[in-house]
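Report on the following structure.
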Amino acid sequence: MSETVKVMLSEEELASRIAELGAQISKDYEGDSVFLVCILKGAAFFACELAKRITVPVTIDFMATSSYGSGTVSTGEIQIKKDLDLGVEGRNVIIVEDIIDSGNTLNYLSELFKGRKAKSVKLCAMLDKPDRREVDVDMDYIGFTIPDAFVVGYGLDYDQKYRNLPYIGIVEGI
1 MSETVKVMLS EEELASRIAE LGAQISKDYE GDSVFLVCIL KGAAFFACEL AKRITVPVTI
61 DFMATSSYGS GTVSTGEIQI KKDLDLGVEG RNVIIVEDII DSGNTLNYLS ELFKGRKAKS
121 VKLCAMLDKP DRREVDVDMD YIGFTIPDAF VVGYGLDYDQ KYRNLPYIGI VEGI
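FYI, in the numbering used here the residues of the sequence shown are 1 to 174.
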């Protein structure tokens, strides 16, 4: 490995912000429940930590999507690789993503779940890269806004490596 990883957001910073997001979601849904839809694979770490910090009843399910096909550049066409096991009808859905950049996936999923008659649909991302936005998406919960850098850790990977890092880091030397 010739690349190196420089810490951008520490484990402590992530834990603190996730606790704040959990508290805000708990307040927003007081007296109700939420259905977290975790977008695999990258959001798994974030979604699990977030769920532990929400005090209202939580249901969680997992979905895998792709917009890359076999290439490394997004086609813009979203494909569902693994759909939900549970239905969203009548539920307060919060789509949980690791990172929002173009906005295409979250825009697509938001419309999909509205069409499936979710009670409400909100969007949550651990990281936001607004410089990469192609579609205007109204985010409800954002962990951190970051510059357009290639980041790994806390579920994010580079060639399936570094997901297990307990922090967010910038990959250098690739």
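Beta carbons: idealized from backbone N, C-alpha and C, even for Gly. Small disclaimer: the values here were computed from a predicted structure and weren't measured.
Cβ-based neighbour list, residue i, same chain, cut-off 6 Å, excluding 5 preceding and 5 following
i	result
Ser-120	Asn-92
Tyr-180	Given that the chain is displayed from residue 1 to residue 174, the structure contains no residue 180 and the question cannot be resolved.
Asp-128	Ile-100, Ile-142 and Thr-145
Ile-25	Ile-54
Met-139	Leu-123
Simplified DSSP assignment, three categories, for residue i
i	result
Thr-145	strand
Phe-45	helix
Gly-87	coil
Thr-4	strand
Ser-16	helix
Phe-62	strand
Tyr-188	Outside the displayed span of the chain (1 to 174) sits residue 188, for which this structure offers no information.
Close beta carbons around residue i, own chain, < 7 Å, minus the five adjacent residues each side
i	result
Tyr-29	Val-56 and Asn-92
Val-152	Val-5, Tyr-158, Tyr-162, Leu-165, Gly-169 and Val-171
Lys-52	none
Ser-2	Gly-173
Asn-107	Val-135 and Val-137
Inter-residue Cα distance where the pair is residue i and residue j
i	j	result
Gly-103	Ile-54	25 Å
Thr-4	Ala-47	26 Å
Met-8	Arg-17	14 Å
Met-41	Ser-66	In the sequence as presented, Met is not what sits at residue 41; that position holds Lys. Roughly 11 Å between the two C-alpha positions.
Gln-79	Leu-86	18 Å
Phe-62	Gly-155	14 Å
Ala-23	Glu-134	30 Å
Lys-27	Cys-38	20 Å
Arg-132	Thr-105	13 Å
Lys-82	Ile-60	14 Å
Glu-11	Asp-148	20 Å
Glu-13	Tyr-167	9 Å
Glu-77	Ala-43	20 Å
Which listed residue (the options) has its alpha carbon closest to that of residue i
i	options	result
Gly-143	Leu-50, Thr-105 and Ser-26	Leu-50
Ala-19	Pro-147, Tyr-108, Asp-148 and Met-126	Met-126
Lys-45	Asp-98, Leu-84 and Ala-64	Contrary to the premise, residue 45 reads as Phe rather than Lys in this sequence. Closest option to Phe-45, Cα to Cα, is Asp-98.
Close Cβ partners of residue i (< 8 Å) along its chain, the five nearest in sequence each way excluded
i	result
Phe-150	Tyr-158, Ile-170, Val-171 and Ile-174
Ser-110	Ile-95, Val-121, Leu-123 and Val-137
Gly-90	Lys-117, Ala-118 and Lys-119
Any chain C beta carbon closer than 9 Å to residue i
i	result
Arg-91	Absent from the structure: chain C. Only one protein chain is present.
Mind the definition here: the segment 155–169 touches the segment 110–119 only if three or more C-beta pairs lie below 8 Å; say whether that holds. no
Any contact between the segment 82–101 and the segment 25–39? By contact I mean 3 or more CB pairs, one from each, below 8 Å. yes
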